[in-house]
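Using our numbering, the first residue of the sequence shown is number 96, and each one after it goes up by one. Note that beta-carbon positions come from the ideal geometry of N, C-alpha and C, so glycine has one too. Following: one structure in structure tokens, then a few remarks.
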Amino acid sequence: MIPLKLTMEGLYSYQEKQTIDFTSLTDAGLFGVFGSVGSGKSSILEAITFALYGETERMNKRDNRAYNMMNLKSSKSFIEFDFINFENRIFRIIRDFRRNSKKFDDVKTQTPTFYEKIDGNFIPLAHTDAARIINLSYTNFKRTIIIPQGQFKEFIELGATDRTKMMKEIYPELEKFDLYHKASKLNDENKSALDVLMGTLAGFEGISQENINLLEEDLGKEKDSLKTLRDVFTPISEHFNKLKTLKDDFNNLETKQNELDVKNEEKIAIDELAKETAEYEKIHQIFFQKFEDRKRTEKEYDGKNALLTSETENLGNLNKELEKITKKIDELKEDFENLPTKRKEEIDLQKIIEIKRLEKEESDLESDKKAKLENQPDLLKKKVDLEKNIEKTESEINELNKNILDAELLLVINNWFSARKNFQDDLIKLKNDGKSRKDEILRLNRELEILGIDPKKVEINFDLEKDKLKERRETMNLRKSNFDLRTQLSKYAEHLHNGEACPLCGSDEHPKIIEIEDLTAEKASLKRDFENLENDETKLADLEKKVDKIFHDRRFYQEQFNIAKEKYGETEKELNKHKETFIWKQFDAENEDNFMAARDLSNNNQKEISTRQKAIKKNREDLKDTDIKLQEITDAIKDIDIKIGRIQGQIAQNSSQIQLLKLQDFKEKTLVEVQDLFNQNLAKNNQLEKDLLELENSKKEILPKITASETRKNTLEDDVKRLDGEKTSVQDQILQLISDHQIESEEFISSVLAEGIDVIANNETIKNFNIAYGILKSSIAELEKKLKDLSFSEEEFSASETKFNEASKNVDEANRVVIQKEAELSRQKGELQKMKEHLDKKEALEKRALNLSKMINLFKGSGFVEYVSSIYLGNLCDNANERFHKMTRNQLSLRVNESNDFEIIDYLNDGKSRSVKTLSGGQSFQVSLSLALALAESVQSHAKADRNFFFIDEGFGTQDQESVNIVFETLMNLQKENRIVGIISHVEELKEKIPVSLSITKDAERGSLIEMV
């Protein structure tokens, strides 16, 4: 992130609008922000951070942030920040607050707006998330880019877990090393695939090589049976096909003879069609073209004759029009010869019109001059009154300023009281929390007493009661075993009879059978005792569970009570320590109302001053407007006099240029009347010119038309004469052909041609019929010859057909069985192959499951991420040590220990390690600066940015002169690395060494002001 421009107004001590152009600062590579304590240096960083994230290190929302950030003399706060992100895209952020004009303490925060510069224009964005733009959260932005006061050592003092979390955020690629969930997902997918595969294998039950061998043997037998049936079927089929062919020939002969009878009837119509077609074809060949030629010639003759009549009429009309145009031209020639004189009169009228217009303009200017002179006295009086009001209001402001307290002082004291109230609220909350925890402990003690347990005990052992119940259960189990034995013996005794073998010893004789009393009562007693035992065991388990929960809850509440008590003591100490920081003798730390009254009085006076300042501003604006108006009147009168003189000169010039007309004749006429006269003459003269020009053009246009019409008329007369001769010649030829071919009349020829017979189609029909007729007669002759000495028996054919159908059915059934057997054999072979493939997949999935299980154990708990993060930290330490060694003269070094925490190697003490917390303030600054520079450098390389920006707001005051020189040399070297570093300090020695800087000064009236040095 590289800043471009920052504009602030009404923020903390910045009362007036101040703009920082960072371009010249960042171009220098190293720049500073210098000023006295409290001048507003750190507010620049806070404005940038707040613009980006809406958060500040100094205050949170609970501190009434909007009110406290706004300057007490301002009615609004405004921040506009332009910057370049790591993708070299330009963005702008605008945030502003508005003070309620009716309630001074009520400051409303407006919704911020984010823009991106695209094609030279700032386009609003749909979000306000700066982290998406600069790829850093607010917390890590404070650790790597802009480090506010008191936060410089935060990164180095972070715990291992927080530091790992930060590293993952700064280096998103660390997320790819968190492989636990990916491995777990792969394991679930593998297990799912294995389950599916096992389900699939279950469907291959019954598929084996043994079943396939049996099926192949059965198929061989079925094929042999099919071959035997086919050998029987072949001679039967051949005999049946011969009989079937003979039957078909006899049937075919009968059918063709019937077709011949039909064809003989059709032949009569075909012969008549052939006669008519031949006659039409003859007439068409001789007369059709002659008739068409006569029709065409007659049509052309009629058309040309009509055109000739039309053209003759058109020529007559054109000659009449020419005569009319010539007559009109002769009538206008006399008026046209006088047109030049009329045009000069037009020019004189234009001069007279201009003189009339100038005289009207001169009169209007005289009226305007008189009106302005009348307004001048009132404006002079208003000016004197405004000057008196300004003087009086300034005197009142000076009196009110005597009771105004310093705004920064009020802000600091107000923050002190706000912090004290927060401490007091925390004490009340902690006290209430402690009491509620104590009440819970007492309640739990009462529950223990109800259960008969001494509340002073910290735990209860139920092992003795458990052992007693265990002994009871063992005794009960012995009783039950004895009872079951006697019950079984009783059953055996009931079924023993002499001569039958004993199921226990096998003897056929039973001289003394055992006698067992009735066991019903003992069975019921045994059942009750077992139920009582189970009830006692359940009660003991419930009691143990309940007591354990009570002790657990009591320990929890006791811990919470101790924590609350400890925090109460710590908060009470912080409150007392805070009270010691109250250093303002004009106020009482225990009397906040007195301070609030003084603050309200100061604020009210400030409001009064603001009101009067607005009144002064308004009066000064009115005074300025009055002065402007007076000056405008003076300037206007002067301008009017100049315009009047110019107009009088123009009137004299125009009068001298009039040639034919007399100006005196138009003295009494108005401008409108002269204008109307001019317009009438101009229209009349223009119309004369226009009419004569149009007539001349019409004459020029009509002469070529007459010549063309005469030419067309002569051509049409020749065409009509020629076509009349052609028409007579064609008619003579037709009459001669009629005579030569002895045709009765021309009407007969027309009637024949009107039939429109399709000669080609008819001839094709006749030809096709004759061919089919000949083929049919030939087929009949061949069949009669083939069947001459043969006969056909229907009974023999039926018997052969029955035998053929039976044999064919047997072959088809045997063939169907063979096909089914072959299909099943093919299916089982395919299934066997699939089963083998699935078994191979199952073995591979089981091996993969074993490997994935090992990987899950390796990646559990983000262990791999922490390992990689420690490598990143080690690299950061190596880069940081390049600068840290120089700053400490090779006495100290930074490294990451096995616990992933930073520690210091002290080379002055045999290279032994110690905690970074043992460093002095100056040394802490040096190591923090080195590590922060290394971190920023790493972030820059990962973000692939050309340059990066780094701002420091503390630490230089802790360094001695030599250390300052070393640190400054380090910062200067960053320029060569295309790095930009800004520092905030009040150390004057640094100001002299830095090439460009901002100087912040605080003016009592205008607030903080920024100047480029």
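Note the first and the last residue of the continuous alpha helix (DSSP H) segment covering residue i.
i       : result
Gln745  : 687-751
Ile951  : 889-954
Thr1013 : Neither: Thr1013 is in no alpha helix (DSSP H) and is coded neither H nor E.
Leu546  : Leu546 -> no alpha helix (DSSP H), and no H or E assigned at all.
Asp1001 : Per DSSP, Asp1001 belongs to no alpha helix (DSSP H); it is in the beta strand (DSSP E), 997-1001.
Glu1106 : Not the alpha helix (DSSP H): Glu1106 falls in the beta strand (DSSP E), residues 1102-1107.
Arg649  : 615-675
Phe199  : From DSSP, Phe199 is part of no alpha helix (DSSP H); its letter is neither H nor E.
Glu141  : 136-148
Ile228  : 225-229
Need the endpoints of the beta strand (DSSP E) that residue i sits in, please.
i       : result
Lys1097 : 1091-1098
Tyr107  : Here Tyr107 belongs to no beta strand (DSSP E), and DSSP marks it neither H nor E.
Leu309  : Premise fails: Leu309 lies in the alpha helix (DSSP H), 304-432, not in any beta strand (DSSP E).
Ser172  : 171-179
Ser113  : Residue identity differs from the one stated: residue 113 is Gln in this sequence, not Ser. From DSSP, the beta strand (DSSP E) with Gln113 extends over 113-116.
Asp191  : 185-194
Lys203  : 202-204
Pro219  : 216-219
Gly127  : 125-130
Asn166  : From DSSP, Asn166 is part of no beta strand (DSSP E); its letter is neither H nor E.
Phe959  : Looking at the DSSP string, Phe959 is not in any beta strand (DSSP E); the run it does join, the alpha helix (DSSP H), is 958-982.
Would you check if the distance between the CB atom of residue i and the CB atom of residue j is smaller than 9 Å?
i       : j       : result
Val1019 : Asn974  : The sequence shown places Ser at residue 1019, rather than the Val named in the question. Against a cut-off of 9 Å, the Cβ pair of Asn974 and Ser1019 comes out as no contact.
Leu1024 : Phe126  : no
Leu348  : Leu882  : yes
Ser834  : Asn409  : no
Ser170  : Lys1097 : no
Gln770  : Ile448  : yes
Arg190  : Asp201  : no
Ala684  : Lys672  : no
Glu491  : Ile746  : no
Thr666  : Asp534  : no
Ile508  : Trp679  : yes
Ignore the nearest five residues each way along the sequence and tell me which others in residue i's own chain have a CB closer than 6 Å to its CB.
i       : result
Asn382  : A quick correction: the sequence has Phe, not Asn, at residue 382. Taken in chain order, the residues that qualify are Ile844.
Asp177  : Leu99, Lys100, Arg187
Pro1021 : Here residue 1021 is Gln; the residue named in the question, Pro, does not match the sequence. Cβ within range, chain order: Met982.
Ser988  : Asn976, Ile1000
My assumption, with CB atoms under 8 Å, is that residue i sits in contact with residue j. Please give the rounded CB distance.
i       : j      : result
Pro207  : Ile188 : 6 Å
Lys342  : Phe899 : Incorrect: roughly 13 Å between the Cβ atoms, too far for contact.
Val642  : Ile523 : Not quite, the Cβ-Cβ distance comes to about 35 Å (not below 8 Å), so this is no contact.
Ile1095 : Gly135 : 5 Å
Lys423  : Leu790 : 5 Å
Lys260  : Val960 : Their Cβ separation, rounded to whole angstroms, is 10 Å, which puts Lys260 and Val960 out of contact at 8 Å.
Short of 8 Å in beta carbon distance, which residues of its chain neighbour residue i, apart from the five on each side in sequence? Order them along the chain.
i       : result
Gln826  : Arg389
Asp463  : Ala731, Ile735
Ser1180 : With the chain covering only 96 through 1108, there is no way to say anything about residue 1180.
Glu812  : Leu403
Glu941  : Leu289
Met571  : Leu621, Asp624, Phe625, Leu628
Glu542  : Ile645
Lys377  : none
Gln1111 : The chain is shown only over 96 to 1108; residue 1111 falls outside these bounds and no answer can be derived.
Leu434  : Asn780, Leu783, Glu784
Quick one: residues in its chain with C-beta nearer than 7 Å to the C-beta of residue i, no 5 flanking neighbours on either side, listed in chain order?
i      : result
Thr223 : Pro207, Phe209
Phe773 : Glu441, Leu444, Gln445, Ile448
Asn749 : Lys446, Glu449, Ile450
Glu926 : Phe299, Ile302
Ile241 : Leu140, Ile143, Thr144, Phe1046
Identify every run of the alpha helix (DSSP H) within the stretch 257-306, keeping only runs that are complete inside it and at least 4 residues long; order them along the chain.
-> With a minimum length of 4 residues, the continuous alpha helix (DSSP H) runs that stay inside the stretch 257-306 are 275-297.
Runs of beta strand (DSSP E) lying entirely within the stretch 457-539, each at least 3 residues, in chain order | Taking only runs of at least 3 residues, no beta strand (DSSP E) segment lies wholly in the stretch 457-539.
Along the chain, which unbroken stretches of the alpha helix (DSSP H) at least 4 residues long are found entirely within the stretch 799-870?
-> Listed in chain order, they are 841-849.
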